[in-house]
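In this note's numbering, the protein residues as written are 10 to 163.
Backbone N, C-alpha and C define an ideal beta-carbon position, used for all residues, glycine too.
For reference, the structure is listed below as structure tokens.
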């Protein structure tokens, strides 16, 4: 059997997924609990101010552009490894999300802990939020691509 990808559906549902993921990411990082913890470390010598990138607006734009670029890569990798992932639908996506969650969040947190004098609570928040958001991203990716038959076999 040959895997077939409906490009139009992939772009449409991939775009919707990226928007959903941006909302989920903002909910994880901008909720009152995390905002309160972040506020405790304002002015810490290891944390750059928004002015470093030309202000809050530039920081938001740069973060969004990089996030979108990264999600496009994740979607491409999902397609690339699709047939080797166990399960179907959202379960297949869940496995993918767990894999990319570990690949991205754990080494990133370990590197921050080892190399940078970055506050441990902020490292843990980033580790947790990145992992959880990527697991959700993977499950949504699997669900949407299955439900709307983005990837099929001939």
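Asked	Found
Supposed close pair residue 31, residue 102 - CB separation, criterion 8 Å	With 8 Å as the limit, residue 31 and residue 102 do not qualify as a contact, their Cβ atoms being about 18 Å apart.
Alpha-carbon to alpha-carbon, residue 118 and residue 133	7 Å
Exposure of residue 44, with buried meaning 16 or more beta-carbon neighbours within 10 Å	exposed
As assigned by DSSP and simplified to three states, the class of residue 36	helix
Extent of the continuous alpha helix (DSSP H) run through residue 4	In the structure as shown, the chain starts at 10 and stops at 163, and residue 4 therefore has no counterpart that could be examined.
Beta-carbon proximity check, residue 153 vs residue 37, cutoff 8 Å	no
Residue 12 (DSSP reduced to helix, strand or coil)	strand
Spatially closest choice to residue 96 from 155, 11, 51, by CA coordinates	155
Option nearest residue 108 by Cα separation, candidates 121, 140, 98	140
Span separating the alpha-carbon of residue 112 from that of residue 88	17 Å
Alpha helix (DSSP H) runs wholly inside the region 37-110, at least 4 long, in chain order	41-49, 65-90
8 Å contact criterion, which residue 18 and residue 159 should meet: CB distance rounded	5 Å
Straight-line Cα distance separating residue 150 from residue 14	14 Å
Beta-carbon gap between residue 168 and residue 94 smaller than 8 Å	Any question about residue 168 goes unanswered here, given that the chain covers just 10 to 163.
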